[in-house]
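Chains as they are written, first to last, in this note's numbering: chain U, 1 to 222; chain A, 1001 to 1222.
All residues carry an ideal CB built from backbone N, CA and C; glycine is no exception.
Below you'll find the structure, written out as structure tokens, and then a few comments.
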DNA sequence: TTCAACAATATTGTATACATTAAAGACCGA
DNA sequence: TCGGTCTTTAATGTATACAATATTGTTGAA
């Protein structure tokens, strides 16, 4: 993506994630031009990219609308992700280098150090390290197909807000899974790594569904 | 996609599939404008869509290039597809309607009738019915996430040419799998349907790899 | 009052001119 | 002759004007 397109992409994406552009809202190119300070061409390019990343959907001759996710959609996505990430863990075991195993251990320890601190939770730091953990695994698989599929699944707004309201204990559980995966990969036990990963994702799903349904109820009660 | 964009998309896609635009070739927007008879805007839109469908890759400030697939990429894709399509078969078993089961049976019988005829193989007819078979299954899962992921995997040029050089016996084997899947779904046996589907895709992989490697050798010998 | 047809308007789709960037080639010096 | 830098050129990136289309609102008749 080029400069102007990237600028438009980020701005629109942020507005979707923050809720300024609500699910189902009609994003008009003219308004986005005013918002982004670039012309319609890069705005349109950004919208196309946002469509492939499932942030928005396009309807011919009608424009683009912020994507709406049903509870079933979200369940599906986590289920799919559990399967794909398990596959990643399994395949990583056969190709991963000692350096990569070490890097995984470092992200685990970095998160652990953060959790052991007193004071407020650094959720952004957690998200960053967590992302890095999964990225290293993905790289270790050396599989373009897996990488492409997962990027389609993981990127959408759903996941971006998953860990936002995690408690310290929940983050600890998550990081414990990371440790177990590292341990499994140290001895190249793909089956074990895959099992742990599956539990890891399914736990995330359970937590997410709880808070998601809770939010729904809160909104309905307003 | 709008008229002009769709026109450009189809034309460029056909030229890639036919080999006129070879893997790695640099597709210049100006030339595509001449080819398609539309302006650069829809050509660019089409190229973006072709990029999301993995027909081409985009490099910033350099343009788009026809995607090149390595043997490893192709293996990965089939492996992933085997897993995802198995998941489709399994989930379809729990949601599929009697009507959909019947439709699956019809596509099976249509292919069978074609195979029982004497005369040349109607490969296009097979591909069409085969596509329909998998589409019905996918619809029965009622899973957007699965549909999205699979469309990303199945659509690329790789698969489009898979069945091109199938023998009558190979098409028969493939259709036998379809029959077994229908039988499993009639009694809503998801596990069985998933198993058959896995074999179905892995068989396709084996056939494809054989002909692909054979082609490679032939080219190298030229 | 309701429905349908039509007109007005706003939005997306398309074409094209201009700006910016990267690749290719020429030129000069060592 | 080789290497590097500058110039040239051709491609992509961006902006904007124009065309086609869908939506909205209005008007008319039943």
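When the five nearest sequence neighbours on each side are left out, the beta carbons in the same chain lying within less than 7 Å of the beta carbon of residue 1132 of chain A are those of 1107, in order along the chain. Taken through DSSP and simplified to helix, strand or coil, residue 183 of chain U comes out as helix. Taking the Cα of residue 174 of chain U as reference, the smallest distance to any Cα among U:43, U:208, U:148 is reached at U:208. For residue 1063 of chain A, the secondary structure class from DSSP, reduced to helix, strand or coil, is strand.
Under the three-state reduction of DSSP output, residue 1052 of chain A falls in the helix class.
Between residue 1089 of chain A and chain U, the shortest Cβ-Cβ separation is not below 8 Å. Straight-line measurement puts the Cα of residue 189 of chain U at about 27 Å from the Cα of residue 152 of chain U.
When only Cα atoms are considered, residue 1204 of chain A and residue 1181 of chain A end up about 15 Å apart. For residue 1 of chain U, the closest Cβ of chain A is nearer than 8 Å. Checking the DSSP bridge columns, you'll see residue 1026 of chain A partnered with A:1065.
Rounded to the nearest whole angstrom, the C-alpha separation of residue 1080 of chain A and residue 25 of chain U is 34 Å. Among the residues of chain A, none has a CB under 9 Å from the CB of residue 62 of chain U; the nearest is roughly 11 Å distant. By the C-beta density criterion, residue 193 of chain U is buried, having at least 16 other C-beta atoms within 10 angstroms.
Think of a sphere of 9 Å around the beta carbon of residue 205 of chain U: no beta carbon from chain A falls inside it, the nearest being about 12 Å out. In this structure the segment 56-71 of chain U does not lie against the segment 91-106 of chain U, because fewer than three pairs of beta carbons, one per stretch, are closer than 8 Å. Residue U:130 holds the alpha-carbon nearest to the alpha-carbon of residue 112 of chain U among U:98, U:95, U:130, U:99. For residue 166 of chain U, no alpha helix (DSSP H) segment is defined, and its DSSP state is neither H nor E. If you look at residue 71 of chain U, you'll find it in the alpha helix (DSSP H) that goes 71-95. With a cutoff of 8 Å on beta-carbon distance, residue 1064 of chain A and residue 1056 of chain A are scored as near each other. Counting only the Cα atoms, residue 1196 of chain A lies some 26 Å from residue 73 of chain U.
Of all C-beta pairs linking the segment 1026-1035 of chain A to the segment 1001-1012 of chain A, three or more are shorter than 8 Å, placing the two stretches in contact.
Contact annotation for residue 1077 of chain A against chain U: 145 [CB-CB distance below 8 Å, chain order]. Here DSSP, grouped into helix, strand and coil, assigns residue 196 of chain U to helix. A direct Cα-to-Cα measurement between residue 49 of chain U and residue 1029 of chain A gives close to 19 Å. For residue 101 of chain U, the uninterrupted alpha helix (DSSP H) segment begins and ends at 98-116.
Not flagged as an interface residue toward chain A: residue 97 of chain U, since no C-beta distance is shorter than 8 Å. In the assembly as shown, residue 20 of chain U is an exposed residue. Its beta-carbon has fewer than 16 other beta-carbons within 10 Å. With fewer than 16 neighbouring CB atoms inside 10 Å of its own CB, residue 187 of chain U falls in the exposed class. For residue 132 of chain U, the enclosing alpha helix (DSSP H) begins and ends at 123-141. Interface flag for residue 169 of chain U against chain A is unset, since no Cβ pair is found closer than 8 Å. Taking a C-beta distance under 8 Å as the contact criterion, residue 144 of chain U and residue 1002 of chain A do not qualify as a contact pair.
Using a Cβ-Cβ cut-off of 8 Å, residue 1149 of chain A counts as an interface residue toward chain U, since at least one Cβ of chain U sits closer than that to its own. Within the model, the alpha-carbon separation for residue 1086 of chain A versus residue 1185 of chain A is close to 13 Å. Among the residues of chain U, none has a CB under 8 Å from the CB of residue 1172 of chain A; the nearest is roughly 29 Å distant. Against chain A, the CB of residue 40 of chain U has no partner CB under 8 Å away; the residue lies outside that interface.
Interface annotation, residue 1176 of chain A: not in contact with chain U, CB-CB separation never under 8 Å.
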